[in-house]
Amino acid sequence: MTAEARKRQIVEVTLDLIAKHGLRGATMARIAAGTGIRQASLYTHFENRRAILLAALDVVYEKIFASRDTPSDENSLERLRQMCDHHLELWAAQGEKHHAVQLMEFVSGARSEGLAEILAEKHTASIEQYAQVVRDGQKEGKIPEYVDPDQVAWLITGWAFAGDVSHLMGFTRFLDPAISVHWLNIIFGSFEAGPSTPSA
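Under the numbering used here, the first residue of the sequence shown carries the number 649, and numbering increases by one thereafter.
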């Protein structure tokens, strides 16, 4: 096995351990056992356990951005809705293998592991992706100027976080269209409604 392949294996084992045991449960001993190598050999590939956790966090965010892939790269509200719809499909299809499991473990354990600032930076970048679609769409004339990019980004993020927590807790009811899709309809309806005018 090449060194790069071994590093990928170590990270995948770590992600599995995080899903099963949380961040603290992803110990060097368990990582080594899951990888099938001596514990000392882990340090050939990573400086320390923190470096392994950071590599695992990178993979979680790679999955987050990949979950937003859409057939079109058009900067529009329709594309943002497609991102959300794809997220729903992945929740339903992937079950316990969905990245929400590891993400929530990082959210709950990052502070005790000294990873809170790095996690915040990564998630801020993921929120900014939504806002940037709106800004670019406004420059191209595809999204009305009255739409607030940050409001769009945070409302979608709130919906996604609620879904991730529900997924982690086994609340499959969230996937009911009367809840998850209706929630999205309200969010996107507010974007498309235009600015409200004060009554006389």
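Even glycine gets a Cβ: it sits at the ideal position worked out from N, Cα and C.
Identity of the residue in the options nearest residue i by Cα
i      : options                           : result
ALA714 : LEU665, THR662 and GLN730         : GLN730
HIS747 : TYR778, ASP721, THR772 and GLU710 : GLU710
PHE754 : LEU816, ALA680, THR650 and GLU840 : LEU816
ALA703 : ARG654, TRP739, TRP802 and PHE836 : ARG654
GLN780 : VAL800, PHE819 and ALA667         : VAL800
Backbone secondary structure at residue i - three-state DSSP
i      : result
SER774 : helix
ALA848 : With a pLDDT of only 47 at ALA848, under 50, the local geometry of the prediction cannot be trusted, and the value read off the model is given with reservation. DSSP places ALA848 in coil when its eight states are reduced to three.
ASN833 : helix
SER838 : helix
LEU763 : coil
ARG672 : helix
ARG686 : coil
GLY785 : helix
THR692 : helix
First through last residue of the alpha helix (DSSP H) which encompasses residue i
i      : result
TYR709 : 697-714
PHE754 : 748-757
THR805 : 797-816
GLU737 : 725-742
How do the region 757-770 and the region 786-795 stand: do at least 3 beta-carbon pairs fall below 8 Å, yes or no?
no
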